[in-house]
Structures are given as C-alpha cells and as structure tokens.
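Below: one structure, written as structure tokens.
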Amino acid sequence: MTATRPESGARPDRAQSPWRGRAFALEIEAPQPLVGVPEHDGAGAVGIVRLDFVSDADVDALWGTPNSRRLFARHFSDGTPYLTVDRAESIGFRVWAPGHGRYLVSEDGRDVAAAPPNDSGWWWQRLVLAQVLPIAASLQGIDLLHASAVAVAGKAVAITAEAGTGKTTLAANLLDHGADLLADDVLALELAGTEIVAHPGVALANVDPAQHAKLGARARERLATELGEGDKLYVLGELADGPHRLAAVYFLRRDGTEAKLVVEPEADARKLLGSSFVPYLDGPEYQLKHLDVCSRIAEQVPIFSLTAPVAMPPEELAAAVMAHGERAW
Amino acid sequence: MSEAVDASVLAAQARIPAHVVFRSFPRETVVLNLDTGKYHGLNPTAGRMLELLEKSESVEAAAVSIADEYGQELDVIRRDLYDLCVQLRERGLLEIVSNDGNAT
Numbered sequence: 011m012t013a014t015r016p017e018s019g020a021r022p023d024r025a026q027s028p029w030r031g032r033a034f035a036l037e038i039e040a041p042q043p044l045v046g047v048p049e050h051d052g053a054g055a056v057g058i059v060r061l062d063f064v065s066d067a068d069v070d071a072l073w074g075t076p077n078s079r080r081l082f083a084r085h086f087s088d089g090t091p092y093l094t095v096d097r098a099e100s101i102g103f104r105v106w107a108p109g110h111g112r113y114l115v116s117e118d119g120r121d122v123a124a125a126p127p128n129d130s131g132w133w134w135q136r137l138v139l140a141q142v143l144p145i146a147a148s149l150q151g152i153d154l155l156h157a158s159a160v161a162v163a164g165k166a167v168a169i170t171a172e173a174g175t176g177k178t179t180l181a182a183n184l185l186d187h188g189a190d191l192l193a194d195d196v197l198a199l200e201l202a203g204t205e206i207v208a209h210p211g212v213a214l215a216n217v218d219p220a221q222h223a224k225l226g227a228r229a230r231e232r233l234a235t236e237l238g239e240g241d242k243l244y245v246l247g248e249l250a251d252g253p254h255r256l257a258a259v260y261f262l263r264r265d266g267t268e269a270k271l272v273v274e275p276e277a278d279a280r281k282l283l284g285s286s287f288v289p290y291l292d293g294p295e296y297q298l299k300h301l302d303v304c305s306r307i308a309e310q311v312p313i314f315s316l317t318a319p320v321a322m323p324p325e326e327l328a329a330a331v332m333a334h335g336e337r338a339w
Numbered sequence: 185m186s187e188a189v190d191a192s193v194l195a196a197q198a199r200i201p202a203h204v205v206f207r208s209f210p211r212e213t214v215v216l217n218l219d220t221g222k223y224h225g226l227n228p229t230a231g232r233m234l235e236l237l238e239k240s241e242s243v244e245a246a247a248v249s250i251a252d253e254y255g256q257e258l259d260v261i262r263r264d265l266y267d268l269c270v271q272l273r274e275r276g277l278l279e280i281v282s283n284d285g286n287a288t
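Order-wise, the sequence lines are chains A and B. Sequential numbering of the first sequence, starting at 11, is according to my numbering. Sequential numbering of the second sequence, starting at 185, is according to my numbering.
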C-alpha cells in the first residue's frame, strides 16, 4: 500500500493505472489498490472516478490562487485545522488533512489529482475513503447518508445515529445474525425506477476495540483483519456483494431515562433530511437530489426510531433489531 | 390579528417560483428554497393547499376545491388560504400574479 508519487510536472500514464474497484456506486480507477475497496470491474456503478497520483506542487498548481470558498473544516482544540474542504468554481474541490495529503476533485467528480504523503503506510487512505470519494460520488448525483448499513436476506437495512451512539457497533453485531456489512458511516443511495438502491461502501469499519473483542464468531470472521488503532480500531472486512434494495431505516439513539428498548415508527422528515453525509455540498442540485431521495424513502421504506437504554449491550440490541425486522421489513 | 382578505389576491394566480420545490412526507410537506438552501415545513393541510394552488387558475379556485375536499365553509378556507399565501410570499416561496401579469 505504498504511495509512489511522480516528480512535479510528470503526469501519470492512465494506461498504467492497473487497478479498478467499486465503492459508493462509483467505478474507481487508481494506480494502486485502495484499502477496503473491493477490486471490481465496476458493473452496476452509477459513476466513475479516476485517481491519479501527482505531487503536492502539481495539486497546488492545478488549484492556483482562485477565489475559493471554505465549505468545511475541522479543528484541533488549539484552532489548528486538521481537515479542510474548499471549493473554487470551474476548478473543483480541494481536500486536505495534515499527514493525509491533499486532493483535488474535479467539478464533475470524475477526476482526482491525489497527492498523498510519501510514506509506506495506509493511514492517508482514510481521507480518500471518508471525504474524497464521497465528494466525487455526490458530485455525480449519488446521494450519501451518514449511516451504516447491512444486507439481510437480500435487503439493505440502514442505521443512522449521531457520532458515538453505536451505529457501527450495532452493524457489526448484526453480522452475528447472518447479515453482511454493506457500509460503515457512508451509505450511497440511488433512485432506481421505483426503488431506492443502497450501494456497497468500503469494507473498512471503525469499531470500538472492546466491542470488537466481544463480537461472535461470524462477525469476527467477517471483520477479521485489524489494521490499527486510531481513536478506535480499524478493521478490514468483507462486504455484501452488490447493491441491495433499501428495506428499512433505523434512527438509533441512547436514552439514559429508558429502561427498555423502544422501537416505533419515525415520521419526522427532518431526521432524514439532516442525515446527509456531505451537507456542505450546498448547491441546489445536491439539495434537490437529497430531498428527492429522502421523499422517496419516506414514501416507500419503513423508518423506525430505535431508542435504547444507555447500558443495553449491542448484542441484545442487534437481536432485537432482527426480531423487529422479521415482522417489520 | 390577520389583515383583511385582499380580494385581488383571491382573484390572482399563485405561482411557485422556479427556485422553490416541495415534496410530501408522512407528516408534512417540505418546501425547499434552492436559492437560500433553507427548508420550510407545512402541515398536511397547508401542503395540500400548496398542491392545489399550483394547479389552480386562481387562489379563489383553489379555495373552492379545498372547501369541497375538506367539507369546510368557503369563507373559512378563503381566510386560511389567503393567510398561507401571504406567509409563503413573505418567505419568497410563492408569487401571486394578477391577471395583468403583475405581482401582487
């Protein structure tokens, strides 16, 4: 997984881009495999994106000194940014994080000039998987929810929640009940005819290490390769094969006042509307796409509020979701 | 207290501007202003009113349809529909165009 960067000014020969994969409904061409992205010929993809490795200077030259707008930023406690996304009209979107490189996504989302750091690790790919590819997908008309998802008996079940609530842990525990991982944190959705189709994401899950250790045999088998620890444990696993019809959405929350699990229909449209993964793409075409997808979900897909006691073990929650699903979706 | 119903509004046609879209959800109609990026929520009745306003030749015609559909007195519906039109116009979500083509 070593990034081999060309000298400044050299353009990679696209005929030399040997690797192709699929994630977020995109066919991905890249100079090397990407962690967690299955190698694939792209069949069934909605869009296509080509990653080219270039130098920092090349990215800077392509970006120039435009009249740009900061769309999104995260900061350390001292105010230093550790993630920025900027947009310049007719150039594209620049994504940067220290230690992870800088990336220029074209306006149409089909090309990425990638300048990862010169090291032999895989860590920099987190930015590609978590920001660069989702931006490319959104620019090509794919709606992304901030959700994890599993495939159960040919259907996709999405779980959305605020960070830290346990959607990844719940998804991981559902693997012990025969589900397959479809997406962690970023769920790509497509309106296909009368259905909403959920596309596989990346087979890289960021789980709580203590919770991972408690997973059952099937889940541990499906999330087998530990890649390293950051704030949590990165685990490489197996993804469900191909897109699945979206059959249910759960909004998970924890409530310290609840003594038992409460599952009830959820009709608050704003929860869906507020679940976009890239809300900073605020152009009318993205907002309209998101509104259309959410409206179709609300019309066709059962949506539930899942309110769990704070102390409810995830394996019990997963069992409850499966039992609920047998009659609900 | 609501202002008196302006008869010229009732006679005019309500148009949804090109930068405004709306979609139905189970408990509300969500209206999106694509220029501002802001969402607005309408209760189901107001949402149905908006649908009929879009299809009707005048606000009055929409009021007649709604009164018939909901089995309500026409005067009550006129009042409610007029208030809705004024509120939506103030938020930039509706245009009220008189027969001579001028905005009201």
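Don't be surprised by glycine CBs; every beta carbon is placed ideally from N, CA and C.
Buried or exposed: which applies to A:T12, given that a residue is buried once 16 or more other Cβ atoms fall within 10 Å of its Cβ? Because the pLDDT at A:T12 is just 47, under 50, the model does not fix this residue reliably, and the point stays unresolved.
Quick check: A:V160 and A:A140, are their CB atoms within less than 8 Å of each other? no
Could you compute how far the alpha carbon of A:A171 sits from the alpha carbon of A:D218? 16 Å
Check the Cβ-Cβ distances between B:M185 and every residue of chain A, and say whether any is below 8 Å. Caution is warranted here: a pLDDT of 47 is assigned to B:M185, below 50, making its placement in the model unreliable, and no coordinate value can be reported.
Give a yes or no on whether the C-beta atoms belonging to A:D96 and A:F86 are separated by under 8 Å. no
Neighbour flag for B:P210 against chain A, beta carbons, 8 Å: yes
Can a CB atom of chain A be found closer than 8 Å to the CB of B:Y266? no
According to DSSP, residues forming a beta bridge with A:T94: A:A83, A:W106
Which runs of the beta strand (DSSP E) fall wholly inside the stretch 142-174 of chain A and span at least 3 residues, in chain order? 153-155, 158-162, 165-170
Is there at least one Cβ from chain A nearer than 8 Å to B:L216's Cβ? yes
Backbone secondary structure at A:D194 - three-state DSSP: coil
Please confirm if B:G285 has its CB atom under 8 Å from at least one CB of chain A. no
Please name the residue or residues paired with B:H224 in a DSSP beta bridge. B:V215
Taking Cβ positions, are A:A257 and A:V167 nearer each other than 8 Å? yes
Would you kindly work out how many angstroms separate the C-alpha atoms of A:S78 and A:V288, rounded to a whole number? 18 Å
Pull up the DSSP beta-bridge partners for A:H254, would you. A:A208
Reduced DSSP category for B:Q271 - H, G, I as helix; E, B as strand; rest coil: helix
Please name the residue, chosen from A:N183, A:S116, A:I145, A:G188, that lies closest to A:A220 on a Cα-to-Cα basis. A:N183
For a quick check, are the C-beta atoms of A:Y260 and A:S148 less than 8 Å apart? no
Can you look up A:I101 in the DSSP assignment and give me helix, strand or coil? coil
Given a cut-off of 8 Å, decide if B:P201 and B:E279 are closer than it, judged by their beta-carbon atoms. yes
Could you tell me whether any Cβ in chain B is nearer than 8 Å to the Cβ of A:L301? yes
Examine chain B for any beta-carbon lying closer than 8 Å to the beta-carbon of A:Q310, and answer yes or no. no
Sub-8 Å separation of A:R80 and A:H110 beta-carbons: no
Do three or more CB pairs link the stretch 205-214 of chain B to the stretch 297-317 of chain A at distances below 8 Å? yes
So A:W73 is in the alpha helix (DSSP H); what residue range does that whole segment cover? 66-73
Might you give, ordered along the chain, the residues of its own chain that have their beta carbon closer than 6 Å to the beta carbon of A:V105, omitting 5 neighbours on each side? V95, Y113, Q141, V142
Endpoints, the beta strand (DSSP E) within which A:A277 is located: Taken as a continuous stretch (DSSP letters only), A:A277 belongs to no beta strand (DSSP E), as it is neither H nor E.
Chain B beta carbons: is any one of them nearer than 8 Å to that of A:L291? no
Should A:Q310 go down as buried or exposed, given a rule of 16 or more other Cβ atoms within 10 Å for buried? exposed
Rounded C-alpha distance that separates A:D62 from A:A35: 19 Å
Based on Cα-Cα distance, which residue from A:P324, A:G240, A:G119, A:P127 lies nearest to A:A146? A:G119
My output table needs one value for A:A33: the three-state DSSP class, helix, strand or coil. strand
So, for A:D241: in the same chain, excluding its five sequence neighbours on each side, which residues have a beta-carbon less than 6 Å away from its beta-carbon? none
Spell out a yes or no on whether the stretch 252-268 of chain B and the stretch 328-337 of chain A are touching, meaning 3 or more CB-CB pairs, one atom from each, closer than 8 Å. no
Reduced DSSP secondary structure (H/G/I, E/B, other) of A:P48: coil
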